[in-house]
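K.L.:
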Amino acid sequence: MSACGGFSKQAMEQAKMHPCYSEDAHHTFARMHLPVAPKCNISCNYCNRKYDCMNESRPGVTSEVLKPEQALAKFIKVKEAIKQLTVVGIAGPGDALANWEQTKSTIALIKQHSDDVIFCLSTNGLMLPRYADEIVELGVNHVTITINALDPIIGSEIYKHVVYDGVAYEGKHAAEILIFNQLQGLEMLTKKGVMVKVNIVMIRDVNDKHIPEVVKKVKSLGAFMTNIMPLIPAKGSAFEAYTQTSMKDIKEMRAICELDINQMHHCKQCRADAIGLLGQDRSIEFRECETNNDN
Ligand code: SF4
Ligand code: SF4
7 MSACGGFSKQ
17 AMEQAKMHPC
27 YSEDAHHTFA
37 RMHLPVAPKC
47 NISCNYCNRK
57 YDCMNESRPG
67 VTSEVLKPEQ
77 ALAKFIKVKE
87 AIKQLTVVGI
97 AGPGDALANW
107 EQTKSTIALI
117 KQHSDDVIFC
127 LSTNGLMLPR
137 YADEIVELGV
147 NHVTITINAL
157 DPIIGSEIYK
167 HVVYDGVAYE
177 GKHAAEILIF
187 NQLQGLEMLT
197 KKGVMVKVNI
207 VMIRDVNDKH
217 IPEVVKKVKS
227 LGAFMTNIMP
237 LIPAKGSAFE
247 AYTQTSMKDI
257 KEMRAICELD
267 INQMHHCKQC
277 RADAIGLLGQ
287 DRSIEFRECE
297 TNNDN
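Residues in the sequence shown are numbered from 7 upward in steps of one, following UniProt numbering.
The structure is reproduced here in structure tokens:
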């Protein structure tokens, strides 16, 4: 892969067929998320992971958790049914890298079956410095990292705890470890030509005024775009009583940050098992509704 200080040629070619990385592509190309990553190694105060058999649509929600072999079988079924499928992503319901063996095996199995799939994964970034090289070797050219703060004091209001190498950390120290790894991992990936999208959850009176600083920093480390998303105060989460960020505030923040870096305007905040064109979820057609939640 030749990066030359920018994105690899393959990553740029693939981005044209990736519905999240190209606004034009999202009307034409489909993606599927394979829910093979149930565990998480941090605790965000806005998180409420949920296994359902209904139709709630937001990150962290899935109807099933799959083993890599089951994920391959589902991929084969979906590829047969949805001809516009170009992208397979691992987006939870926990963290792709906190379940690295499942994530890696799933991608490897699908690659053996079909060599034309574009892979992406999303992560909180805690384990990126450890796995960045393997991610590149696997041929994953698109990675999303959620980075909500650079300031550990602000981070300590967003993250309840971080479990790193078997030790649980809380407060400012937890946020320091997470932020250090996120930024280091981001730079490791972009230096190897990976296109990195940075998600930022905008939380009123917590990190909203800090977002332009986060955007400038991730740009300096080579990020391709940022996706500033509203806080959805999920029931049962620590932020349940917080105000949902308005789309007016999101649009204003994106307009400010667009002066620095590409902004994603078409994110649908999809489920961890979403399938199809963005905004036209077909996951219900492919659900078995048998949870396999023994990981
Ligand atoms: Fe939930 Fe994702 Fe945060 Fe983990 S990183 S706690 S899965 S929102
Ligand atoms: Fe794309 Fe946003 Fe959906 Fe992820 S959540 S697949 S970035 S539209």
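Virtual Cβ for every residue (Gly too), placed ideally from N, Cα, C.
Could you give the C-beta distance for H148 and A280, rounded to a whole number, given that I count them as a contact under 8 angstroms?
P.N.:
Taking the sequence shown and counting its residues from 1, the one referred to as residue 148 is at position 142. Taking the sequence shown and counting its residues from 1, the one referred to as residue 280 is at position 274. Their Cβ separation, rounded to whole angstroms, is 16 angstroms, which puts H148 and A280 out of contact at 8 angstroms.
K.L.:
Just confirm the distance between the C-beta atoms of A36 and L115, as a whole number of angstroms; I'd bet it's less than 8 angstroms.
P.N.:
As a first step, residue 36 must be located in the sequence shown, where it is residue number 30. As a first step, residue 115 must be located in the sequence shown, where it is residue number 109. The Cβ separation is near 20 angstroms, so there is no contact.
K.L.:
Which value, in whole angstroms, describes the spacing of the CA atoms of C263 and K225?
P.N.:
Indexing the sequence shown from 1 puts residue 263 at position 257. Indexing the sequence shown from 1 puts residue 225 at position 219. The straight-line gap from Cα to Cα measures roughly 10 angstroms.
K.L.:
To which residues of the same chain is Q20 closer than 6 angstroms at the C-beta, ignoring the five residues directly before and after it?
P.N.:
Counted from its first residue, the sequence shown places residue 20 at position 14. Closer than 6 angstroms at the Cβ level, and outside the excluded window around Q20, lie I124 and N147.
K.L.:
Anyone know if the C-beta pair for S128 and A97 falls short of 8 angstroms?
P.N.:
As a first step, residue 128 must be located in the sequence shown, where it is residue number 122. As a first step, residue 97 must be located in the sequence shown, where it is residue number 91. Yes, these two residues count as a Cβ contact at 8 angstroms.
K.L.:
Using the C-alpha atoms, what's the distance from G12 back to L132?
P.N.:
As a position in the sequence shown, residue 132 is number 126, starting the count at 1. As a position in the sequence shown, residue 12 is number 6, starting the count at 1. Approximately 24 angstroms, taken between the alpha carbons.
K.L.:
Please go through the segment 122-166 and give each complete alpha helix (DSSP H) segment of 4 or more residues, from N-terminal end onward.
P.N.:
Correct list: 134-144 and 158-164.
K.L.:
Can you tell me the Cα-Cα spacing of Q286 and I88, whole angstroms?
P.N.:
Taking the first residue of the sequence shown as position 1, residue 286 is located at position 280. Taking the first residue of the sequence shown as position 1, residue 88 is located at position 82. Roughly 12 angstroms separates the two Cα atoms.
K.L.:
Which same chain residues end up closer than 8 angstroms to D214 when comparing Cβ atoms and leaving out the 5 residues on each side of it in sequence?
P.N.:
Against the sequence shown, residue 214 aligns to sequence position 208. So the qualifying residues of the chain are M208, T251, D255 and M259.
K.L.:
So, helix, strand or coil for T112, using DSSP?
P.N.:
Here residue 112 corresponds to residue number 106 of the sequence shown, with the count starting at 1. T112: helix per DSSP, three-state reduction.
K.L.:
Mark A261 as exposed unless 16 or more other C-beta atoms lie within 10 angstroms of its C-beta, in which case mark it buried.
P.N.:
Position 255 of the sequence shown, counted from the first residue, corresponds to residue 261. The residue is exposed, with fewer than 16 neighbouring Cβ atoms inside 10 Å.
K.L.:
I'd like to check one pair, H32 with P41: are the Cβ atoms closer than 8 angstroms?
P.N.:
By one-based count along the sequence shown, residue 41 stands at place 35. By one-based count along the sequence shown, residue 32 stands at place 26. For P41 and H32, no; Cβs fall outside 8 angstroms.
K.L.:
Report back the beta-carbon spacing between I101 and N51 to the nearest angstrom; my notes put them in contact at under 8 angstroms.
P.N.:
Numbered from 1 along the sequence shown, position 95 holds the residue referred to as residue 101. Numbered from 1 along the sequence shown, position 45 holds the residue referred to as residue 51. The question names Ile, yet the displayed sequence has Asp at residue 101. About 16 angstroms separates the two Cβ atoms, so there is no contact after all.
K.L.:
Tell me which same chain residues have a C-beta within less than 7 angstroms of the C-beta of T249, skipping the five on either side of it?
P.N.:
The count along the sequence shown starts at 1 and reaches residue 249 at position 243. For T249, where only same-chain residues beyond five positions count, the Cβ hits under 7 angstroms are R210.
K.L.:
Does the Cβ of G172 have 16 or more other Cβ atoms within 10 Å, making it buried, or fewer, making it exposed?
P.N.:
Start at 1 with the first residue of the sequence shown, and residue 172 comes out as number 166. Flag for G172 reads exposed.
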